[in-house]
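Engineer: Here it is, the structure in full.
Number of protein chains: 2
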Amino acid sequence: MHAGLLPNVSVDLVVFGFDSVHLNILLIGRSIFYKGDLYHDWKFPGDLIRKDEDLDDASKRILRELTGIEKIYMKQLKAFGSLNRLTKRARDMDWLISIDHPENRVITIPYYSLVNLEKNGKNDLMLNENARWVPVNYVKTMELAFDHLEILEFALSTLRNEMRTKPLAFELLPQKFSLTQLQKIYEVIFETTLDKRNFRKKIANLSYIVPLNEQENDVSHRPAKLYMFSRDIYQRLKSRNFDFTI
Amino acid sequence: MHAGLLPNVSVDLVVFGFDSVHLNILLIGRSIFYKGDLYHDWKFPGDLIRKDEDLDDASKRILRELTGIEKIYMKQLKAFGSLNRLTKRARDMDWLISIDHPENRVITIPYYSLVNLEKNGKNDLMLNENARWVPVNYVKTMELAFDHLEILEFALSTLRNEMRTKPLAFELLPQKFSLTQLQKIYEVIFETTLDKRNFRKKIANLSYIVPLNEQENDVSHRPAKLYMFSRDIYQRLKSRNFDFTI
DNA sequence: CCAAAAGTGTTAGGAGTACACCCATGA
DNA sequence: TCATGGGTGTACTCCTAACACTTTTGG
């Protein structure tokens, strides 16, 4: 193990990527030989943190090292530190030794982050050959390492909670977006359907969602009007004690 | 430092206690001699965690050791791990050495908990002579150690958020309570005033707030009817996809 | 009988919800 | 001209917010 690392504290990343159809999660495939058998499962990107590194910097570093992405929305969830979180499955002990980390008590501090896959390129991210974007609903059928399923559930419910009162949807969209794209995000994340007219009525009342004099092009149907999110207007309203809810 | 402790991970407790008038915080007074001067400030109860101890168990242990209270509501906030959180003030380094903990990188995982001071006895808690219950608004004028002010702000905003959608108010009340007591909690925590009639109308629609055939006694005014919170009814409704909001 | 807090209804405005058809574009 | 998704209004219900007086008890 590298000497500059804290042996008992790690960071894991639940990276949500929206590709205008699905909400995806970035997972790293992992293969373990254990007692003659080959096991395959998936984990979040993550690493021990450095002794001279803030938690928030560690999470940014790990995402940058894996994907090259910088300046995206990222927020800490909470610490997960069960005694047996790394050692429930015997084969994981072998894996820890194989990556030169024979420490069995690691408290992990997961972050979730939001990426627009159109803008950031769904394929550009594949710097690590074992990394994959997987639709959230599909993840639930996969074998996740350690307590990563529990972390995912926590991340999802936190995301849903924060989406209700904060302008996070725009982190998942390109700068210019259509109202249908915006609506789709809420539908996918809350696993529901929304009424188009009611949704648009609500949006029309939000001064910080600004209509542009631009349209989609190259679509084989009536092109949608494009909008943008004005963080300036939003901040001004918010400081006047305003309550954002979509 | 005790050998059974993780050197880089601690737990801190933001204990909220409601005494039917104020929302209080449990603080530990701390005196430091540094370069000939005596400094006094306040910190949350907290300690390093044990190597063989879950995070949630550590927080319960620390509260129990200090106050004797068990089985109260307790929830993790998030990790605080700035590089300089312990070393911003030079005198704190001396203090760390004085308590036999010369490690300057400690990530702390704060919990908040809710205590009813009527039931648990505002004075019984004073097992530690340096411990005090301090009204939240007064805390803001006091000198808090390390990043404990930041942790307090985070705890308060988390508490407010959770109060909106979870039945936490009842953790701060005796088992039998009046509607005025209940209303007072929301008023104190949200620093607002509520209309008595509208508040009661809302409560009347909540089947899990059950009127009892009992009244206050020994009050020098019309005695209030007493109510209780039925967790059973609440759980049943919640599992049917119900949305608690006060 | 006084002080103190308990208890109680109505109304008006705003927000949410349900619902169906025409429009603009590319192929 | 067809397929595809874009764009629009109305009516009903329910929730919220504003507001003031009478009741019950102990002292």
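Taken in sequence, the protein lines are chains A and B.
Read left to right, the first sequence gives residues 1082 to 1327 (the numbering used here).
Read left to right, the second sequence gives residues 1082 to 1327 (the numbering used here).
Each residue gets a CB set at the ideal place from its N, CA and C atoms; glycine is no exception.
Bear in mind that the values here come from a model prediction, so they are computed numbers and not experimental data.
1) Can you tell me whether D1324(A) is helix, strand or coil according to DSSP?
2) Please report the residue range of the alpha helix (DSSP H) in which K1283(A) lies.
3) Determine, using beta-carbon pairs with one atom in the stretch 1111-1124 of chain A and one in the stretch 1250-1257 of chain A, whether at least three such pairs fall under 8 Å.
4) Compare the C-beta of I1190(B) with all C-beta atoms of chain A and state if any pair is closer than 8 Å.
5) Examine chain A for any beta-carbon lying closer than 8 Å to the beta-carbon of G1085(B), and answer yes or no.
6) Hey, is V1220(B)'s beta-carbon within less than 8 Å of any beta-carbon in chain A?
7) Measuring alpha carbon to alpha carbon, tell me which residue in V1096(A), E1134(A), F1227(A) is nearest K1156(A).
8) Name the chain A residues whose beta carbon is nearer than 9 Å to that of L1136(B)?
9) Excluding the 5 residues preceding and the 5 following T1274(A) in the sequence, name in chain order all residues of the same chain whose CB lies nearer than 7 Å to its CB.
10) By the 10 Å Cβ neighbour count, where 16 or more other Cβ atoms means buried, how is P1248(A) classified, buried or exposed?
11) Count the other CB atoms within 10 Å of the CB of Q1296(A); is the residue buried (16 or more) or exposed (fewer)?
12) Less than 8 Å between the C-beta atoms of L1177(A) and L1167(A), yes or no?
13) Is it the case that the stretch 1288-1307 of chain A contacts the stretch 1237-1245 of chain A, given that we only count it when at least three CB pairs across the two stretches are under 8 Å?
14) Is the Cβ of V1090(A) closer than 8 Å to any Cβ of chain B?
15) What residues in the stretch 1118-1132 of chain B have a beta carbon less than 9 Å from any beta carbon of chain A?
16) Under 8 Å Cβ-Cβ, which residues of chain B neighbour Q1157(A)?
17) Taking the alpha-carbon positions, what's the R1131(A) to L1198(B) distance?
18) Distance cutoff 8 Å, beta carbons only. Does M1309(A) sit that close to anything in chain B?
19) Helix, strand or coil for T1273(A)? Go by DSSP, reduced to three states.
20) The alpha helix (DSSP H) with E1146(B) in it runs from where to where?
21) Terminal residues of the continuous alpha helix (DSSP H) containing T1246(B)?
22) Can you tell me whether DSSP reads A1084(A) as helix, strand or coil?
23) What number of angstroms, rounded off, separates the C-alpha of R1145(A) from the C-alpha of I1284(B)?
24) Could you check what DSSP says for V1096(A) in three-state terms: helix, strand or coil?
25) Which residues in the same chain have their Cβ closer than 8 Å to the Cβ of F1271(A), if we skip the five residues on either side of it in sequence?
26) Looking at Y1192(B) and V1090(B), is the spacing between their C-beta atoms short of 8 Å?
Structural biologist: Looking at the coordinates:
1) Because the pLDDT at D1324(A) is just 47, under 50, the model does not fix this residue reliably, and the value given afterwards should be weighed accordingly. In the structure shown, D1324(A) sits in coil (DSSP, three-state: anything other than H, G, I, E or B).
2) 1277-1285
3) no
4) yes
5) no
6) no
7) V1096(A)
8) A1160, F1161, G1162, S1163, I1188
9) E1268
10) buried
11) exposed
12) yes
13) no
14) yes
15) I1130, K1132
16) K1159, A1160
17) 42 Å
18) no
19) coil
20) 1136-1148
21) 1229-1246
22) coil
23) 50 Å
24) strand
25) R1241, M1244
26) no
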